[in-house]
Structures are given as structure tokens and as C-alpha cells.
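Residue numbers (this note's numbering): 6 to 279.
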């Protein structure tokens, strides 16, 4: 039997900047009052996420916020299907709309998904977004609407999931299985981000500012990566994703079930910004 580890990936931005390949503007309009969308065209200073204060302009502040929220969702979103859910595992889209009020607090959270449990989880994680410096227009604090299109891999709620997940180098000191899993996930993502040829991606997609790809591989019983496959909107991106995955180092320990090593398939959906 195979066991799966999944990682969510999100694209986050103000409403009119949502990525078309994830969610259409018409879908966003159905979730939010259209009058709210006009606010961004006139806003002088966007809300500032904690840690993004030193970014020089609105574009960089928005990108910093997007990266911070993406990391928050990656760390906190529970992708295991709820035991009472009736939907099948697999890729799911969840749309989250919220506002940042005049005090910089997240309010009016709304979510749409195939499943009420996914909607509830999206709202729970959105509530973890910390208070920000509010957006300003003409020197006055204003309410600013945002949208988060999420694409996640929902996994089955099996009783016989791995006893331990594969452990990436440097994660062996974590105290719990959950901490080991999160540490390995972050290190894999960082390895890919640092190793990916961004200049090549920019040349391949000259009109784009980001690219998204899915890479799949097995971590075998010896902790080695094998059977690598990738999907992307450009052949060069898929080839580079495969080449980077090939360079992943051997895992310190493989996944185990009841103390015995197992082959562990891994799916990773990532967005890289140029």
C-alpha cells in the first residue's frame, strides 16, 4: 500500500491580481461585493504584513505579504480529509475572501469549497493571519479586500498512515512526527527554490512573473528519491523541476510503518516567483 504526503500551495494577492490559472475574476466577483474591488485602484499604501515594513514600494510589500501568508497556510492548513467528509481525495480549490480593516485586523472571512470542512479549515487558518499596518488612502486608514485562491491536495483519512514520514537531513532532532514532517517539507521546498534556474524560467515565460508546477516522486525504503515526474505550463519548467528533484539528497531515514521502511510517494505543488 502507498502512503502520501501532500503540500499545499497558494497564490495570494489583492483581488484584481489573482492568478487566472487558479481562479477567474468572475469567480472572485461572485464571492465579494464588486464595489470593494474599486478600492485597490485608488489605494496609496497597501496593508503591511509583519516583517514586510522595510520593503520599498507597494508591489514589493504585496509580494512580501503574499509570501508570508503562503508560508502560514503551508505550515497550518490540515490537508487530511475530515472523517465525515463525503468528497474524494485529490486536488481541490478553496477560495477565501477577507478584508483588512482600518486597524489592520482580518475581518469578514468568507470561503467557498466543495466541502464544508475545507471551508472551515480555510477560515481557521485565515484567522491566524496577524494584525497588520492598515492600508491608507489620502492619508486615512481604509478597509482593503483580499482574495486567496488555494489549490490543495486532499488526502484520505486512513488509520494506517505512516508511523513516521521520511526525514530530510537536519530534521532528525525534531521531537514529534508532526514536527519532523513539517521540517522535512520546508527543507525540500527551500532546496527546490534555491536550486531552480529562475533565469531560465523567466526566459521561457517572458510575460509572466511566476510559474507553478507539480513534481511527483517516490522516497524509497532506502531514503532515495526515484520515479520523478513533473507537470507544468511549459516543457522547460517541467524538465527543470525533474532535474532539481534528481539532485535532492538521500533522506536521513525513509518513511516507516510499524517500524518497517516503506516506499513513500510525494507530491509537491509549488509556485516560484521571478
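Glycine is no exception: its CB is placed at the ideal position from the N, C-alpha and C atoms.
| Asked | Found |
| --- | --- |
| DSSP three-state assignment for residue 207, whether helix, strand or coil | helix |
| Classification of residue 225 by the beta-carbon crowding that lies within 10 angstroms, buried from 16 upward | buried |
| Euclidean distance between Cα positions of residue 272 and residue 222 | 7 Å |
| Inside the region 94-161 only - beta strand (DSSP E) runs reaching at least 3 residues | 95-105, 111-117, 140-142, 145-147 and 149-159 |
| CA-to-CA distance, residue 255 to residue 172, given in whole angstroms | 10 Å |
| Counted within 10 angstroms of its Cβ, other Cβ atoms place residue 112 as buried (16 or more) or exposed | exposed |
| Cβ distance (whole Å) where residue 159 is taken to contact residue 95 below 8 Å | 6 Å |
| Own chain residues within Cβ distance below 8 Å of residue 170, not counting five before or after | 10, 182, 185, 186, 189, 260 and 269 |
| DSSP bridge partner residues for residue 275 (one or two, in chain order) | 218 |
| Host alpha helix (DSSP H) of residue 192 (start-end) | 182-200 |
| As assigned by DSSP and simplified to three states, the class of residue 88 | coil |
| Whole-Å CB distance - residue 278 paired with residue 68, under 8 Å assumed | 7 Å |
| Host alpha helix (DSSP H) of residue 245 (start-end) | 240-251 |
| Closest by C-alpha distance to residue 198, when choosing among 120, 56, 249 and 118 | 249 |
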